[in-house]
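Structure first, then comments.
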Amino acid sequence: MKILNLLAAAAVTLSVPTLAQAKTGVTFLIVGDTLTSPFSFTNTSDEGEKIVGFGFDLSTLTDANYVFDTEGGGSTPFTPVNGTAAKTGLVAMPNIPDMAKAFSIAFFDFDPGETFSYNIDVDINAGGSISGSRLIGAKVYFDFDNGTRSEGFLRAVPGRPTASTFVTERVIETGVPEPATWALMIAGFGLAGSAVRRARSRALAV
Ligand SMILES: [Ca+2]
Ligand SMILES: [Ca+2]
2 MKILNLLAAA AVTLSVPTLA QAKTGVTFLI VGDTLTSPFS FTNTSDEGEK
52 IVGFGFDLST LTDANYVFDT EGGGSTPFTP VNGTAAKTGL VAMPNIPDMA
102 KAFSIAFFDF DPGETFSYNI DVDINAGGSI SGSRLIGAKV YFDFDNGTRS
152 EGFLRAVPGR PTASTFVTER VIETGVPEPA TWALMIAGFG LAGSAVRRAR
202 SRALAV
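Read left to right, the sequence shown gives residues 2 to 207 (my numbering).
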């Protein structure tokens, strides 16, 4: 019975990650011509949560012809700007094939208050300049180090006809625990392990 109680306590500890309430936030506003102004997003989390991942997917746009133009004439490969890659700890330069429709990147030091900025060329078969508002409907996600993902789409910005902005539709658990959670989980496993060891030694003593 005692062992069961200890195991139950360990199980409660293990479930902590799914109970975590995120106070995460991010602003991602795209204004004007995407060829001349960089894409920038800022971590606005209020309890120190770092951004650890970002994904951008054009395949959800109503017009299926949008692509990232990363090679050849008139292209701009993914290019971090303003020293923001070092500040946020961009893990690696992503390999974004020419005409790709989506990419994702990771960070290891993207604190609240920090901004990451990058250039990349977005094109459509018909050509012309691509303003932020042309990307309304693109799917975007941000991963945070508390194990949550804010998922949503670029939406229109009232009063700003060339802009779009990220709006969170849902927050999902990604199951990537932060270090403090790992410590709790390891403590939980240790608790269960020592209970089993005690049970075994009692069984041997009888
Ligand atoms: Ca181009
Ligand atoms: Ca930083």
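Note that the Cβ used here is the ideal one computed from N, Cα and C, for glycine as well.
None of these values were measured; they are calculated from a predicted model.
(message) So if DSSP puts Gly54 in a beta bridge, which residue, or which two residues, is it bridged to?
(response) Ala107, Asp144
(request) May I have all residues whose beta carbon comes closer than 7 Å to any heavy atom of ligand 2, sorted in chain order? (result) Lys88, Thr89, Gly90, Asp110, Phe111, Asp112, Glu115
(message) Using a Cβ-Cβ cutoff of less than 7 Å, which residues in the same chain neighbour Ser130 once the five nearest sequence positions on both sides are dropped?
(response) Asp34, Leu36
(request) Tell whether a beta-carbon distance below 8 Å holds between Val172 and Phe29. (result) no
(request) Return yes when the C-beta of Ala49 is under 7 Å from any heavy atom of ligand 1, and no when it is not. (result) It is Gly, not Ala, that sits at residue 49 in the sequence shown. False, no ligand heavy atom lies under 7 Å from that Cβ.
(request) Could you check if Glu50 is buried or exposed, using at least 16 other CB atoms within 10 Å of its CB as the buried criterion? (result) buried
(message) Measuring only the C-alpha atoms, how far is Ala23 from Ile125?
(response) Confidence at Ala23 is low in this model, with a pLDDT of 49, below 50, so its placement is unreliable and the value that follows should be read with caution. So the two alpha carbons sit approximately 37 Å from each other.
(message) Looking at the secondary structure, which residues open and close the beta strand (DSSP E) in which Ala157 lies?
(response) 149-158
(request) Locate the beta strand (DSSP E) running through Thr85, then write down its first and last residues. (result) Looking at the DSSP string, Thr85 is not in any beta strand (DSSP E); the run it does join, the alpha helix (DSSP H), is 85-89.
(request) Report, in whole angstroms, the separation of the C-beta atoms of Thr116 and Thr43, which I expect to be a contact under 8 Å. (result) 4 Å
(request) For Thr37, name the three-state secondary structure that DSSP assigns. (result) coil
(request) Measure how close the beta-carbons of Ser1 and Ser118 come, nearest whole angstrom, since I'm counting them as under 8 Å. (result) Residue 1 cannot be examined here, being either before or after the span of the chain that is shown, 2 to 207.
(request) Would you mind stating whether Phe69 and Ile97 have Cβ atoms separated by less than 8 Å? (result) yes
(request) Could you say which of Asn83, Ala101, Ser105 lies nearest to Tyr67 if we only look at CA atoms? (result) Ala101
(message) In this structure, how does DSSP classify Leu59 when only helix, strand and coil are distinguished?
(response) helix
(request) Please indicate yes or no: does the CB of Ser76 lie closer than 7 Å to some heavy atom of ligand 1? (result) yes
(message) Against chain C, with Cβ distances strictly below 8 Å, would Leu59 count as a contact?
(response) Considering every chain present, this structure includes no chain C. It has just one protein chain.
(message) Buried or exposed, going by whether 16 or more other CB atoms sit within 10 Å of the CB of Ala87?
(response) exposed
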